[in-house]
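Notes for the one structure printed next.
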Amino acid sequence: MRAVYPSCNYEVDRWNSVYGEGFTFIPGMEIQIVLILTRKVGESIMLGDQVRVVVVDVKGHQVRIGVDAPREMKVYRGEIFDKIQEENNRASRVDAKELKNVANLWSRMRAGRRGSDGD
Amino acid sequence: MSQTYGAECVLEGEVLMEIDTSNFGKIDVAEDQIFEFQEGIIGFPDLTRFALIEDKEREPFQWLQSIGTSELAFVVIEPRWFLPDFNEEISSDIISQMGVDRPEDWKVLVIVTIPDEATKMTANLKGPIIFNPKERKATQIVIDDMPLQHLILPEPE
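The listed protein sequences derive, respectively, from chains A and B.
Offset between the first sequence (1-based) and my numbering: plus 453.
Offset between the second sequence (1-based) and my numbering: plus 926.
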């Protein structure tokens, strides 16, 4: 099921009443909701045949989640993954000329530092 | 032989591959400059092949150029240039996330973001890229307690 996370408030309320609060999606971002499940402490979800996500404990608003996955599978905190994705995007917009200036600046600064060490 | 970036010492019979780049046009890269990113780079999961290119005019900055998407290239640098102990500090993360026991077999590079004010350029220490030169594989790992934007140049005094 594809959905677009709402970008105006009344839609957000309707969204929350259907899907629950707490998703950190960007308004207008298209997402694919495969499944929403309610689990009790100790219960788990299988993602494919090799990944198990378990609710270990719930304390107030915090949920301790356990992940059992093959070693080579990457497991990220969502907000950190999102931050890195955004930073990667920003970094990809670079121009070679700009970098030339930066590299010159770098050489000058390092030469300057060596000089100030009294060499 | 035409100018090659990074393939300084081309051995007899070494295979060179021509790739298209928007920064440098068509260039030749050697096999040992090509790395496979099994899951791509975070945010670019479909881009699995990159060439690591040295650039004499911009050292110690290097380029991580997508093979197949000429306009996608990242500026990268070895963090030892501004943080001598970085590799040591993250070696346990490399071991646990890569499942290897010898972090010294790996090379670490970080992606550089250059904002409008170039002197404020930053390195992404939270998502360093670990390169395995022997297997020619690489992957971007995540270090939770490292900064996303670390200033490379010191603040002016």
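No residue lacks a Cβ here, since even glycine has one placed at the ideal position from N, Cα and C.
As the structure is a computational prediction, the values presented were derived from the model and not from experiment.
By the DSSP assignment, the beta strand (DSSP E) with B/Ile-1067 in it spans what residues? It is not in any beta strand (DSSP E) - B/Ile-1067 carries neither H nor E in the DSSP assignment.
Count the other C-beta atoms from every protein chain shown that fall within 10 angstroms of the C-beta of B/Leu-1035, then say buried if there are 16 or more, exposed otherwise. buried
Find the nearest neighbour of B/Arg-1065 within the set B/Ile-960, B/Ser-1017, B/Gln-964 and B/Phe-1012, judged by alpha-carbon distance. The identity of residue 1065 of chain B in the sequence shown is Thr, whereas the question assumes Arg. For the residues B/Ile-960, B/Ser-1017, B/Gln-964 and B/Phe-1012, the minimum Cα distance to B/Thr-1065 belongs to B/Gln-964.
Excluding the 5 residues flanking B/Leu-967 on each side, which residues of the same chain have their C-beta closer than 6 Å to its C-beta? Strictly speaking, residue 967 of chain B in this sequence is Ile, with Leu absent from that position. Contacts found: Gln-1066.
Using the three-state DSSP reduction, which class does A/Arg-524 fall into: helix, strand or coil? coil
Residues of the segment 536-568 of chain A with a CB closer than 8 Å to any CB of chain B: list them in chain order, please. Lys-536, Ile-537, Gln-538, Glu-539, Glu-540, Asn-541, Asn-542, Arg-543, Ala-544, Ser-545, Val-547, Asp-548, Ala-549, Glu-551, Leu-552, Lys-553, Asn-554, Val-555, Ala-556, Leu-558, Trp-559 and Met-562
When the cut-off is 8 Å and only beta carbons count, does A/Arg-524 lie next to chain B? yes
What does B/Ser-992 pair with, by DSSP beta-bridge criteria? B/Phe-976
Could you check whether the Cβ of B/Thr-930 sits closer than 8 Å to any Cβ belonging to chain A? In this prediction, B/Thr-930 has a pLDDT of 46, which is less than 50 and means its spatial position is unreliable; nothing more can be read from the coordinates.
First through last residue of the alpha helix (DSSP H) which encompasses A/Asn-541: 531-545
Can you tell me whether B/Asp-958 is helix, strand or coil according to DSSP? helix
How many whole angstroms separate the CB atoms of B/Leu-978 and B/Gln-988, which I take to be in contact at a CB cut-off of 8 Å? 6 Å
If the cut is a Cβ gap below 7 Å, which residues of chain B does A/Ile-518 touch? Near A/Ile-518 there are no residues of chain B at all, since even the closest Cβ is about 15 Å away, more than 7 Å.
Are the beta-carbon atoms belonging to A/Arg-492 and A/Met-499 less than 8 Å from one another? no
One or two residues paired with A/His-514 in a DSSP bridge: Note: A/His-514 sits in no beta bridge, so no partner.
Report all residues from its chain with a CB closer than 6 Å to the CB of B/Asn-1013; omit the five preceding and five following residues, and keep chain order. Val-1034
To which residues of the same chain is A/Arg-517 closer than 7 Å at the C-beta, ignoring the five residues directly before and after it? Val-509 and Asp-510
Output needed in chain order: residues of the segment 1039-1058 of chain B with a Cβ under 9 Å from some Cβ in chain A. Thr-1039, Ile-1040, Pro-1041, Ala-1044, Thr-1045, Met-1047, Thr-1048, Asn-1050, Lys-1052 and Gly-1053
Contacts that A/Ile-533 makes with chain B (C-beta to C-beta distance below 8 Å): Lys-1052, Val-1068 and Asp-1070
Kindly indicate if chain A contains any beta-carbon less than 8 Å away from that of B/Val-1093. Lying outside 927 to 1083, the shown extent of chain B, residue 1093 of chain B is not represented and no answer is given.
For B/Asp-946, the first and last residue of its enclosing beta strand (DSSP E): 942-947
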